[in-house]
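Enquirer: In terms of the working numbering, the sequence shown opens at residue 72 and continues consecutively.
Heads up, the beta-carbon is just placed ideally off N, CA and C, and yes, glycines get one too.
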Amino acid sequence: MRPQVRRMAGAGNKFVPVTATNLYIHGQSGFVVDVLNCGANIILSSNPDSCPTKTTPIAENFEFDIIAPPRPNPAATLVTEVNLGPNNTVGIAPILETRSDANAPAVHVKIPLAGTAVSSTDVYARKVYVGWNTPPNKPVRHFRLTLNQMDLHDDKETDPGDCKCTFFWMNVDRAPNPWIRLVDFARGDMNDYDDDDGFGDGEMDFSGAVFDFYVFDGDSFSVRANGYDQDCLDDYFGDHRFRRTTFLRCYVAGNGDNDEYKSLEARFGPPSYGIGFQDVTAGNEYELEFKIQQVEIIRQ
Numbered sequence: 072m073r074p075q076v077r078r079m080a081g082a083g084n085k086f087v088p089v090t091a092t093n094l095y096i097h098g099q100s101g102f103v104v105d106v107l108n109c110g111a112n113i114i115l116s117s118n119p120d121s122c123p124t125k126t127t128p129i130a131e132n133f134e135f136d137i138i139a140p141p142r143p144n145p146a147a148t149l150v151t152e153v154n155l156g157p158n159n160t161v162g163i164a165p166i167l168e169t170r171s172d173a174n175a176p177a178v179h180v181k182i183p184l185a186g187t188a189v190s191s192t193d194v195y196a197r198k199v200y201v202g203w204n205t206p207p208n209k210p211v212r213h214f215r216l217t218l219n220q221m222d223l224h225d226d227k228e229t230d231p232g233d234c235k236c237t238f239f240w241m242n243v244d245r246a247p248n249p250w251i252r253l254v255d256f257a258r259g260d261m262n263d264y265d266d267d268d269g270f271g272d273g274e275m276d277f278s279g280a281v282f283d284f285y286v287f288d289g290d291s292f293s294v295r296a297n298g299y300d301q302d303c304l305d306d307y308f309g310d311h312r313f314r315r316t317t318f319l320r321c322y323v324a325g326n327g328d329n330d331e332y333k334s335l336e337a338r339f340g341p342p343s344y345g346i347g348f349q350d351v352t353a354g355n356e357y358e359l360e361f362k363i364q365q366v367e368i369i370r371q
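Dropping the structure here:
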């Protein structure tokens, strides 16, 4: 859940503050389910694939509250919007109930899957927006942020080893596509990424890594990034045959530590909103270079 600015049909297609919620329910998550159902000793079994339960049932009701953003004026009322999320396979609509608590207006969401034929391998994905029917009396600023380059200063490996940096993400909190995986936009091999120490230059260019978003005049937005040197264990995601030799390979013969990189965070707001080229560092480990453009100012 995160605060955003969005056009809402219930607000006359004007921009209003919303709480945007991304919901994803799925019962399949690899070997961790085997361990939860059959115990950690399954790792030591002669047949680590022997656990009969490899999924978690999702045919039950899920309920939660979405807290509305601050009310723009005393007469404003709550409006909602629901869209399908990625890879959804379930057509059952959520049940939304407005709770008009003066201190914390909210929408109660119920996902009524109990007693249905939904299987544990189905995907229930929705985007739920809760906002107000009238906008604040402020202009709306339309921004576009484009990631251009990453400079890696520490690949966390002894040379000639390089970083398996495919597990790096970037986020703009106000954007409708809040998280992107950098490897999806890289113009080089992030699975074999050398730092700028020694013979490497540490530079990785990106294409199409764009965040397009809106904020009300006077508000700010955050840019974040985090990641891991993928190392050995991640090669086994989704594998139900986690043998003892897997751990020997990763921890004795190889490197299974999955080194975590420092998180990067920068906040931009008035008066400049960071417009122009930005170079933000995460300690001495890496830096991201991106451009912030103000596309337009909208007066409603």
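Taking only the alpha-carbon atoms, compute the straight-line gap between Phe-239 and Val-281 and give it to the nearest angstrom.
Expert: Position 168 of the sequence shown, counting from 1, holds the residue named residue 239. Position 210 of the sequence shown, counting from 1, holds the residue named residue 281. Phe-239 and Val-281: Cα-Cα distance of roughly 16 Å.
Enquirer: So, for Asn-93: in the same chain, excluding its five sequence neighbours on each side, which residues have a beta-carbon less than 7 Å away from its beta-carbon?
Expert: By 1-based counting over the sequence shown, the position of residue 93 is 22. Answer for Asn-93: Gly-156, Lys-198, listed in chain order.
Enquirer: Taking the C-alpha atoms as reference points, what is the distance between Ala-164 and Asp-350?
Expert: Counting from 1 along the sequence shown, the entry for residue 164 is found at position 93. Counting from 1 along the sequence shown, the entry for residue 350 is found at position 279. So the alpha carbons of these two residues sit roughly 44 Å apart.
Enquirer: If you run the structure through DSSP and keep just helix, strand and coil, what is Ile-96?
Expert: On the sequence shown, position 25 is the one that residue 96 refers to. Strand.
Enquirer: I'd like to know whether the C-beta atoms of Phe-135 and Val-180 end up nearer to each other than 8 Å.
Expert: Locating residue 135 in the sequence shown gives position 64, counting from the first residue. Locating residue 180 in the sequence shown gives position 109, counting from the first residue. Yes; because the gap between Cβ atoms is below 8 Å, this pair is in contact.
Enquirer: To which residues of the same chain is Ala-175 closer than 7 Å at the C-beta, ignoring the five residues directly before and after it?
Expert: Translated into the one-based positions of the sequence shown, residue 175 becomes position 104. So the qualifying residues of the chain are Ile-138.
Enquirer: Please identify the residue among Ser-100, Gly-81, Ile-114 whose C-alpha is closest to the C-alpha of Thr-316.
Expert: Locating residue 316 in the sequence shown gives position 245, where the first residue counts as 1. Nearest option by C-alpha distance: Ile-114.
Enquirer: In chain order, what residues of the same chain lie with their CB nearer than 7 Å to the CB of Thr-127, ignoring the 5 residues before and after it?
Expert: Translated into positions along the sequence shown, residue 127 becomes position 56. If we look at Thr-127 and ignore the five residues flanking it on each side, its Cβ neighbours are Gly-98, Val-104, Ser-191.
Enquirer: Please state if the CB of Pro-206 and the CB of Ala-82 are separated by a distance shorter than 8 Å.
Expert: Start at 1 with the first residue of the sequence shown, and residue 82 comes out as number 11. Start at 1 with the first residue of the sequence shown, and residue 206 comes out as number 135. Result yes, Cβ atoms of Ala-82 and Pro-206 sit closer than 8 Å.
Enquirer: Am I right that Asp-276 and Arg-258 are in contact with their C-beta atoms under 8 Å? What's the rounded C-beta distance?
Expert: As a first step, residue 276 must be located in the sequence shown, where it is residue number 205. As a first step, residue 258 must be located in the sequence shown, where it is residue number 187. Going by Cβ atoms, the distance from Asp-276 to Arg-258 rounds to 4 Å, so yes, they are a contact pair.
Enquirer: Give the secondary structure of Arg-197 by DSSP, where H, G and I count as helix, E and B as strand, and everything else as coil.
Expert: Sequence index remark: in the sequence shown, residue 197 carries index 126 (1-based). Three-state DSSP puts Arg-197 in a strand.
Enquirer: Judging by CA-CA distance, which residue of Asp-225, Ala-196, Leu-149 is the nearest neighbour of Gly-269?
Expert: As a working note, residue 269 is residue 198 in the sequence shown. Selected option, being the one with the closest Cα: Asp-225.
Enquirer: Does DSSP put Tyr-299 in a helix, in a strand, or in coil?
Expert: Along the sequence shown, read from residue 1 onward, the residue named residue 299 stands at position 228. Note: Tyr-299 maps to strand in three-state DSSP.
Enquirer: Could you check what DSSP says for Tyr-344 in three-state terms: helix, strand or coil?
Expert: Within the sequence shown, residue 344 is the residue found at index 273, counting from 1. Coil at Tyr-344, not helix or strand.
Enquirer: Whose C-alpha, out of Asn-159, Ser-343, Asn-355, Arg-295, is nearest the C-alpha of Phe-214?
Expert: Your numbering for residue 214 matches position 143 in the sequence shown. With distances taken between Cα atoms, Phe-214 lies closest to Ser-343.
Enquirer: If you follow the alpha helix (DSSP H) that Val-104 is in, where does it begin and where does it stop?
Expert: Here residue 104 corresponds to residue number 33 of the sequence shown, with the count starting at 1. Per DSSP, Val-104 belongs to the alpha helix (DSSP H) from 102–109.
Enquirer: Can you find the residues in the same chain that come closer than 7 Å, C-beta to C-beta, to Ala-196, ignoring five residues on each side of it along the sequence?
Expert: Position 125 of the sequence shown, counted from the first residue, corresponds to residue 196. The residues are Leu-94, Tyr-95, Leu-155, Gly-156, Pro-157, Asn-158, Asn-159.
Enquirer: Within this structure, are the beta carbons of Asp-193 and Ile-129 separated by less than 8 Å?
Expert: Position 122 of the sequence shown, counted from the first residue, corresponds to residue 193. Position 58 of the sequence shown, counted from the first residue, corresponds to residue 129. Against a cut-off of 8 Å, the Cβ pair of Ile-129 and Asp-193 comes out as a contact.
Enquirer: Who are the Cβ neighbours of Ile-369 in its own chain at under 6 Å, not counting the five residues just before and after it?
Expert: Numbered from its first residue, the sequence shown carries residue 369 at position 298. So the qualifying residues of the chain are Val-211.
Enquirer: Residue range of the beta strand (DSSP E) that Arg-212 falls in?
Expert: Stepping through the sequence shown from its first residue, residue 212 is reached at position 141. Taken as a continuous stretch (DSSP letters only), the beta strand (DSSP E) holding Arg-212 covers 211–223.
Enquirer: Tell me, please, which residues DSSP counts as bridged to Val-89.
Expert: Taking the sequence shown and counting its residues from 1, the one referred to as residue 89 is at position 18. In the DSSP output, where bridge partners are listed per residue, Val-89 has Gln-75, Gly-202.
Enquirer: Would you kindly work out how many angstroms separate the C-alpha atoms of Val-87 and Val-76, rounded to a whole number?
Expert: Walking along the sequence shown from the start, residue 87 turns up at place 16. Walking along the sequence shown from the start, residue 76 turns up at place 5. About 6 Å.
Enquirer: Which first and last residues belong to the alpha helix (DSSP H) in which Arg-315 is found?
Expert: Numbered from its first residue, the sequence shown carries residue 315 at position 244. Residues 315–318.
Enquirer: As a quick exercise: from Leu-304, Ser-171, Asp-265, pick the residue whose alpha carbon is nearest that of Glu-228.
Expert: Counting from one through the sequence shown, the residue named residue 228 turns up at place 157. Nearest C-alpha to Glu-228: Asp-265.
Enquirer: For Asp-302, which of Asn-132, Gly-110, Asp-290, Asn-326 has the nearest alpha-carbon?
Expert: Against the sequence shown, residue 302 aligns to sequence position 231. Nearest C-alpha to Asp-302: Asn-326.
Enquirer: Within 10 Å of its beta-carbon, does Glu-331 have 16 or more other beta-carbons around it, so buried, or fewer, so exposed?
Expert: Position 260 of the sequence shown, counted from the first residue, corresponds to residue 331. It counts as exposed.
Enquirer: How long is the line joining the alpha carbons of Ala-353 and Ala-188, rounded to whole angstroms?
Expert: Here residue 353 refers to the residue found at position 282 when the sequence shown is read from its first residue. Here residue 188 refers to the residue found at position 117 when the sequence shown is read from its first residue. Those two C-alpha atoms are separated by around 47 Å.
Enquirer: Who are the near neighbours of Leu-319 in its chain, counting only those whose CB is closer than 6 Å to its CB and skipping five residues on each side?
Expert: For this step, residue 319 is matched to residue 248 along the sequence shown. Closer than 6 Å at Cβ, skipping near neighbours: no residue.
Enquirer: Could you say which of Ser-278, Cys-321, Ser-171, Trp-203 lies nearest to Asn-84 if we only look at CA atoms?
Expert: Here residue 84 corresponds to residue number 13 of the sequence shown, with the count starting at 1. Ranking the options by Cα distance to Asn-84, first place goes to Trp-203.
Enquirer: For Ala-337, tell me which candidate among Cys-321, Phe-292, Phe-348 has the shortest Cα-Cα distance.
Expert: Position 266 of the sequence shown, counted from the start, is the residue given in the question as residue 337. Residue Phe-292 is the option with its Cα nearest to Ala-337.
Enquirer: Near Phe-133, what residues of its chain come up, given a Cβ to Cβ distance below 6 Å and the 5 sequence neighbours on each side ignored?
Expert: As a position in the sequence shown, residue 133 is number 62, starting the count at 1. So the qualifying residues of the chain are Ile-182.
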